[in-house]
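These protein sequence lines are chains H and P, in that order. Going by the working numbering, the first sequence opens with residue 296, and the numbers climb by one from there. Going by the working numbering, the second sequence opens with residue 811, and the numbers climb by one from there. Since the structure comes first, as structure tokens, the remarks are kept for the end.
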Amino acid sequence: MNGDLACAEGAISAGCRFFAGYPITPASEIAERMSIRLPQAGGVYIQMEDELASMNAVLGASWAGVKAMTATSGPGFSLMMENFGLGLMLETPCVLVNIQRAGPSTGLPTMVGQGDMMQARWGSHGSYEIIALAPISPQDIFDLTILAFNLSEKYRVPVLVMSDEVVGHMSEKVTMPRVAPEDLIDRPRPELGSEEYLPYKPNANLVPPMAIAGEGYHFHVTGLTHDERGYPVMTAEAQDKLVRRLVDKIRFNRHDIIKYNEFQVEDADIIVCAYGISVRIAQLAVRMARDEGIRAGLLQLITVWPFAEEHIRELSSQAKAFIVPEINYGQMVLEVERCAGDRAKTILVPHMGGSVHSPQTILEAIREAAQ
Amino acid sequence: MTANLNIESQSIERYLRQDRLPHIWCSGCGIGIALGAFLRAIDRATIDPDKVAVVSGIGCAGRVAGYVKLDSFHTTHGRAIPFATGLVLGNSELNVVVFSGDGDLVAIGGNHLIHAARRNIDLTVICVNNFNYGMTGGQVGPTAPLEARTTTTPYGNFEPPFNLPYLASASGASYVARWTVLHARELERAIAEAMIKPGFSFIDVISPCPPVYGRMNKEPKGLDSMHYYQEKSIIRNGADPKEADIELNGPILVGKFVDIERPTLWDHLRQVSSKAQEKVKAQAKV
């Protein structure tokens, strides 16, 4: 099956029972699959009037106690940024899938891009931390969609699956194991009664337990800066306390969140750092470089946000250079460069989108760095 | 006597977050009257308050969510209805009420309003309609009558306004009413009916905004607006909402305009669900 369908199946396996979306190439197949599967599974599928509404409906469903998801691509992703921010502020578990196409604007609707990586991180206004995962295959998007739901429930944050058109549309074998209930994580729930419960009083891991509508808690939540009661407080002190916690709950738990894979990195002095579809081309390029006797390796970022900065720092004392192939004109490379500092060179291999890199382009960059 | 005491103990104060008072609304504002009508309507309709969820957008009326001691959501500008849509579809037992203003619901959120009405989703929308953006200083709103003065129409409003009852009914609402805040009893009854009514209900609540819209349109006190409503309101239940246009200083048609039976979104979704599950069973047999 293709990556879009695998994503939908992963969501169903993760316990997702609500999908609100708006048609957009190349993500529409996710919506189509969900419209078949959700009513079978006792869930609700709805096509909203736009992506603003889709993101909001997902938040509302999550507050009604249902695991909820939406899926989109570039132009729709831009519209979702508004209420992605509300989701962050209300600490609403949900999943947003972006099957990236090449932009800006309408760009190349049917063709691949990776140009939304920084928008994912900074696209909604204000200061915050997010979680974003980047799958490399249909199997991977199935698995990472489940992981995305688990992380979103555990940390009460909207989680992004930053995929791309090639992964979304390529067909490969996908194994869908029966997911055991103990493999699924549910949001922390209040242990106190409605009189003592404070909607934003965090547990030790900085995540507050979450009441849901209709249980008699009579809670209030707001997009305004708020205190532990959920009440708006318009002061710099309240802002400091809230924003620090929203950011720190991701930063402090980063070792649980950040995941990566390595291929032949142990002895490598040239390390290709890639994510999404580019990983698969980079893997080929690394193999070709090894054949030529170049000690090349590959670091695959599974979690792209929060960024694996400690690991890159560590590798920068071993590596001569990092090669960063991206289907954009340089986004994640800025993070690699920041973490590598002057200990290792950072070389961007950009591609403006519409197709993936050829392995030769990456190989040439490896060769050049090896000289 | 006992009955009286009972009524006393059923005061709406238990639905208010006392620790958040005083509220931010200006003297003479109509939002408090609309809020009181809503809270009394919960009891009048004998709805379990645990199952009531209130969703507001941004603006003066958007602050309602913050004062009610009910599950309440203060969301983004214009997006109360789609947020509420998720709540309704996530739990069909909830009684979801959207409480917001004309700018929030009809300008930035206008598209969501008409689509929610089209779907006939089980939702009650209370729209406090004061013809301007009060919170940001009185800029022109989508319902401001032609020629009305606002801080951004210093020469008089040059855009024709929306007729909200007509818009809601043309979009498919099952229940449409309009009252001014002078009609507090009628408003309370309308909200109670709307909350019980299956499908999409819309209530246009004409409300004063003394410090900005009122000041610029010869109604500087809340009481001036009340006099205007008293003189110019025409109660006509069952009237064609097409005739509910409001002109500057003109008559205000009020009443219950629409109360029809139409399958709701949940009615349709339950059919979808049983079709899907029959298909699964049929496949399992093969």
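All C-beta atoms in this analysis are idealised placements derived from N, C-alpha and C, irrespective of residue type, glycine included. Remember, predicted model here, so these are calculated numbers, not experimental data.
- In chain order, GLY846, LEU849, ARG850 place their CB closer than 7 Å to the CB of P:ILE822, counting only its own chain and leaving out the 5 sequence neighbours on each side.
- The DSSP-derived three-state label of P:ALA890 is helix.
- Excluding five sequence positions before and after H:VAL538, the CB atoms of its chain that fall closer than 6 Å to its own CB belong to SER422, given in chain order.
- Counting only the Cα atoms, P:ASP1050 lies some 35 Å from P:LEU880.
- Following the DSSP letters along the chain, one finds P:LYS1052 in no beta strand (DSSP E), marked with neither H nor E.
- Exposure of P:ALA1092 is indicated by the presence of fewer than 16 other C-beta atoms within 10 angstroms of its C-beta.
- For a cut-off of 8 Å, the C-beta gap from P:ASN940 to P:PRO1018 is around 7 Å, short enough to register as a contact.
- P:PHE893 counts as buried, since no fewer than 16 other beta carbons sit within 10 angstroms of its beta carbon.
- Sequence-distant partners of P:ASN930 (beyond 5 residues in either direction) whose C-beta falls short of 8 Å from its own C-beta, in its chain, are GLY982, ALA983, SER984, GLY1009, PHE1010, ARG1072, PRO1073, THR1074, LEU1075.
- Restricting attention to P:ILE924, P:ASN921, P:GLY913, the CA atom closest to the CA of P:VAL950 is found in P:GLY913.
- Not a single CB atom of chain H sits nearer than 8 Å to the CB of P:ASN930.
- Using a CB distance cut-off of 8 Å, P:GLU903 counts as an interface residue toward chain H.
- The three-state reading of DSSP puts P:PHE848 in helix, counting H, G and I together.
- Within the DSSP bridge table, the entry for P:TYR985 names P:SER1011, P:ASP1069 as partners.
- Boundaries of the alpha helix (DSSP H) around H:MET627: 627-635.
- Going by beta carbons, P:PRO971 and P:PRO955 fall inside the 8 Å limit.
- Distance from the Cα of P:ASN973 is smallest, within the candidate group P:LEU831, P:THR885, P:MET1026, P:GLU1053, for P:GLU1053.
- Less than 8 Å divides the Cβ of H:TYR495 from the Cβ of H:PRO503.
- Cβ atoms of H:LEU442 and H:LEU455 stay farther apart than 8 Å, at about 12 Å.
- The contact set of H:TYR512 on chain P, defined by CB atoms closer than 8 Å, consists of ASP881 in chain order.
- In this structure, H:TYR340 keeps its C-beta atom at 8 Å or more from the C-beta atom of H:MET350.
- Partner residues in the beta bridge of H:ARG396, as assigned by DSSP, are H:VAL407.
- When Cβ-Cβ separations below 8 Å define contact, P:ALA894 makes contact with chain H.
- Note that the region 643-652 of chain H touches the region 615-628 of chain H; at least 3 beta-carbon pairs, one per stretch, sit closer than 8 Å.
- Residue range 640-645 is occupied by the beta strand (DSSP E) that includes H:LYS640.
- With a contact defined as Cβ atoms closer than 8 Å, H:ALA577 and H:ALA569 qualify at about 4 Å.
- When the alpha-carbon of H:PRO497 is set against those of H:GLU477, H:GLY509, H:LEU541, the nearest one is in H:LEU541.
- Restricting attention to P:GLY920, P:GLU957, P:VAL907, P:ALA1086, the CA atom closest to the CA of H:GLN335 is found in P:ALA1086.
- Annotation for H:SER573: PRO620 place their beta carbon closer than 6 Å to its own, counting only its chain and skipping 5 residues before and after.
- The C-beta separation of H:LEU391 from H:MET375 comes to about 6 Å, placing the pair in contact by the 8 Å criterion.
- With the criterion set as a beta carbon lying under 8 Å from some beta carbon of chain P, the members of the region 354-368 of chain H are LEU354, GLY355, ALA356, SER357, TRP358, ALA359, GLY360, VAL361, ALA363, in sequence order.
- For P:GLY900, the residues of chain H that pass the 7 Å Cβ criterion are PHE313, GLY355, ALA356, ALA359, GLY360, VAL361, in the order they occur in the chain.
- Around the beta carbon of H:ARG332, 16 or more other beta carbons sit within 10 angstroms, so the residue counts as buried.
- DSSP, read as helix, strand or coil, puts H:SER466 in strand.
- Think of a sphere of 8 Å around the beta carbon of P:VAL1090: the chain H residues whose beta carbon falls inside it are GLN335, in chain order.
- Counting the other CB atoms within 10 Å of its CB gives H:ALA359 a total of 16 or more, which places it among the buried residues.
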